[in-house]
Every structure is written in structure tokens, then in C-alpha cells.
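Trainee: Please read through the structure below; I'll follow up with questions.
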Amino acid sequence: MFRSLDRFIEEQSWLDTIGDPLQGWFKALFQMGGGTGKRVQNLLNGTWLGHPLHPMVTDVPVGSWTATMVLDAVGATRDDDAMSSAADITLGIGWAAAVASIATGWAQWSYTSGKDRRVGLLHALTMATSFVVYTASLTARLRGARGTGVALANTGYLVMAAGAYLGGEEAFDIGFGVNHTAFEQGPGDYVAVMSEADLQANALTKVDAGGVSVLLVKLNNGIFALDDTCTHAGCSLAGGKLDGLSVICPCHGSQFDLRDGEVINGPATYREPSYFVRVRDGMVEVKRGL
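With my numbering, the residue at position 150 of the sequence shown is 539, and numbering never jumps.
Here's what the structure looks like:
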């Protein structure tokens, strides 16, 4: 049943009529901020963390609002004001954390496409609806309409659960946000990949190293090698461009340091696997780095 639902959602092309302008707006917003906009984007994506920030932040509202539902039920059953007050507090904590969750989620979604974008958009809209319902619940509680507040919170929880399912679908079934080099081990010993004489300087060259695509770059200060698969969305870095001692992915603009694979600019969050390089008998050889 759920598999059929997933396919149904992925095929809803009408979502693109919302996604196209919305995605363009988010990208324009970050670009308009210049260097500051890029730093904010890196912050929200989790580039500084080496891991997507959004899934970490989402645990707080989900956990807090689960506690709210339980405390509301216990407070009503036992007529316990302390439990009811605790429910209000956890709802407020969840509400505050949801603001960060929404911000990080939209930042991450702004670089999706196809079915990733459709499922992600529906996930985002569902969670935004849940946020609005919880806002109404919090407002009702503050005004003394506790029964209405509890009813709204329970409704919001059901909406949130549906949104959480869609988030799991996007991460674990579609694979958005995962490290696309996670299962590319690379050779543990040096293997020859090409003649040094054939390696063009100041260019991006894609080679095969034991079944793994590797990017070679020959500069004045040496030869550098990274995994060719971008950790962000799986694009080939060989189709990108050089920028000093870094490479910029052609798909979404992630920038990696050629020396160690560290992320300079997102949306990528995971570093690019790097390789040791040596020249032996005129052949360029590489092996998996540390």
C-alpha cells in the first residue's frame, strides 16, 4: 500500500507548478545575499558540520510534540495541572525548534529535482501545515482555551506524522541527503590509472581506479586525486570547473578542496574522498586516502 502511495506522489507533476517558482525564489534569496547569503546557506545545510543539519534538528520538534501529546493525556486523566503545564512547555520547545527545522529543510530542498523535489515539497508543505496547527494550539492555550488547544495539538501530531513519513521516504528510499560516495571504497593499494605524459595540466580528468571513478588534476604543485562522484547528489566532478586548488561541481555548485576533499561551499556537507598519488615508471598511480 505504501509503495503504491509513494509512486503516486512521485508522479504528481502538478507539484512542479509550485516547486519551480518556489525553488527559484529560495535560490535568488541566497544569491541576493552574496557572500553572507552563501554563509547562511552553508550554515543551514550543515556544510560546517560535515553532516546535513536538517535531520538532526527535526528530532527536537518530533520528540517535544510527542511529549506534549502524552503529557496532555496524563494531565487530563489525572486532572494534574503540573502535567498540563509541562505539556504547554514541551509544545513551546517544539514550536521554537520547528522554526529551525523548517529553515534547514527549505535550504536543503532548494537543490532537489524530479521526484526528489516533488516528495520533498509535499513533505515540506505537510510539516508547514503541522507547524501552523501547533501555532494555533499554542495560541489557544495561552488564551485559556485548553480543550481547543489539546484538540489542535492532536490534529497537528497526525499531520506531522504524515510529513515525517514523507521525510523518511525521501531520505531512505530516494536517497536524497545521503553521502553518494559511502560505498565507493577505492583501491587499497596503488594502481596505475594513466600515463603522466597524457595527463593534461590544469584540467579535470576522469579515470578508473579499480572500478571507482577518480578525478585527477595536474597543477604546478603536483597531481591531486579525489573521488569523481560528488557526495551531494552523485554528479561527476569531471564536468565541473577548476577554481584555484578546488573543484566546483557542475550540478549544484558544491566546492571541494583538491588537497583533502574538504567542503569549501555547499550544498554538499560530506567531504570528498581523497586519494594518494604517485608517479612510477611514467604512470600515475593512486590509492585510497585516509
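Cβ atoms here follow ideal geometry from the backbone N, Cα and C, with glycine treated the same way. All of these numbers come straight from a predicted model, not from anything done at the bench.
In the structure shown, what three-state DSSP assignment does Asp470 receive?
Mentor: Asp470 falls in the helix class under three-state DSSP.
Trainee: Taking the alpha-carbon of Ser663 as reference, which of Ala475, Gly464, Asp649, Glu674 has the nearest alpha-carbon?
Mentor: Measuring from the Cα of Ser663, the nearest candidate turns out to be Asp649.
Trainee: To the nearest angstrom, how far is it from the Cα of Lys379 to the Cα of Leu593?
Mentor: Limits of the chain in this structure are 390 at one end and 679 at the other, which puts residue 379 out of reach.
Trainee: Measuring CB to CB, does Glu573 end up less than 7 Å from Val673?
Mentor: No, they are not a contact pair.
Trainee: Given this structure, state the Cα-to-Cα distance separating Val666 from Gln589, to the nearest angstrom.
Mentor: Using only the alpha carbons, I get a separation of about 16 Å.
Trainee: Assign Asp477 to one of three DSSP states: helix, strand, or coil.
Mentor: In the structure shown, Asp477 sits in a helix (DSSP, three-state: H, G or I).
Trainee: Is the beta carbon of Gly552 less than 7 Å from the beta carbon of Ser519?
Mentor: Result yes, Cβ atoms of Gly552 and Ser519 sit closer than 7 Å.
Trainee: Is the beta carbon of Gly422 sitting closer than 7 Å to the one on Leu510?
Mentor: No, Cβ-Cβ distance for Gly422 and Leu510 is not below 7 Å.
Trainee: Grab me the residues of Gly566's own chain with a C-beta within less than 6 Å of its C-beta, minus the 5 sequence neighbours each way, in chain order.
Mentor: Correct list, in chain order: Pro441, Ala560.
Trainee: For a test of the three-state rule: what should DSSP assign to Thr618, helix, strand or coil?
Mentor: DSSP places Thr618 in strand when its eight states are reduced to three.
Trainee: For Val429 and Cys638, I'd like the C-alpha separation in whole angstroms.
Mentor: Spanning the two alpha carbons is a distance of roughly 20 Å.
Trainee: For Ala586, which of helix, strand or coil comes out of DSSP?
Mentor: The answer is helix: DSSP assigns Ala586 an H, G or I state.
Trainee: Would you call Asn434 buried or exposed, if buried means 16 or more other Cβ atoms sit within 10 Å of its Cβ?
Mentor: Classification for Asn434: buried.
Trainee: With Ala542 and Ser526 assumed to form a contact (beta carbons below 8 Å), what rounded beta-carbon distance in angstroms separates them?
Mentor: At roughly 4 Å, the Cβ-Cβ gap stays under 8 Å, so Ala542 and Ser526 are in contact.
Trainee: Among all the DSSP beta bridges, which residues are the ones paired with Gly611?
Mentor: According to DSSP, which records beta bridges pairwise, Gly611 is partnered with Leu608.
Trainee: According to DSSP, what are the bridge partners of Asn654?
Mentor: Per DSSP, Gln644.
Trainee: Would you decide whether Ser453 is buried or exposed? Buried here means 16 or more other CB atoms lie within 10 Å of its CB.
Mentor: Result: buried.
Trainee: Comparing C-alpha positions only, which one of Gly564, Thr528, Thr570, Tyr523 sits nearest to Leu547?
Mentor: Nearest option by C-alpha distance: Tyr523.
Trainee: By DSSP, does Val567 sit in helix, in strand, or in coil?
Mentor: It is coil, neither helix nor strand.
Trainee: When you compare only the Cα positions, how much space is there between Cys624 and Lys595?
Mentor: Rounded to the nearest angstrom, the two C-alpha atoms are 12 Å apart.
Trainee: Please name the residue in Leu604, Gln401, Asp405 whose C-alpha comes closest to that of Phe645.
Mentor: Of Leu604, Gln401, Asp405, the residue nearest in Cα terms is Leu604.
Trainee: Enumerated in chain order, which unbroken segments of the beta strand (DSSP E) with a length of 3 residues or greater are wholly contained in the segment 420–475?
Mentor: None, since the segment 420–475 contains no complete beta strand (DSSP E) of that length.
Trainee: Check the C-beta distance from Thr570 over to Asp616 and give it rounded, since I have them as a contact under 8 Å.
Mentor: Going by Cβ atoms, the distance from Thr570 to Asp616 rounds to 5 Å, so yes, they are a contact pair.
Trainee: In chain order, what residues of the same chain have a beta carbon less than 8 Å from the beta carbon of Gly426, not counting five sequence neighbours either side?
Mentor: Answer for Gly426: Leu418, Phe419, Gln420, listed in chain order.
Trainee: So, Val675 versus Ala614, is the Cβ gap smaller than 7 Å?
Mentor: Yes.
Trainee: How far does the alpha helix (DSSP H) with Phe520 in it extend, from its first residue to its last?
Mentor: Where Phe520 is concerned, the enclosing alpha helix (DSSP H) stretches over 503–531.
Trainee: Which residue wins for smallest C-alpha separation from Gln412, given the options Asn609, His641, Glu399, Glu661?
Mentor: The shortest Cα separation from Gln412 among Asn609, His641, Glu399, Glu661 belongs to His641.
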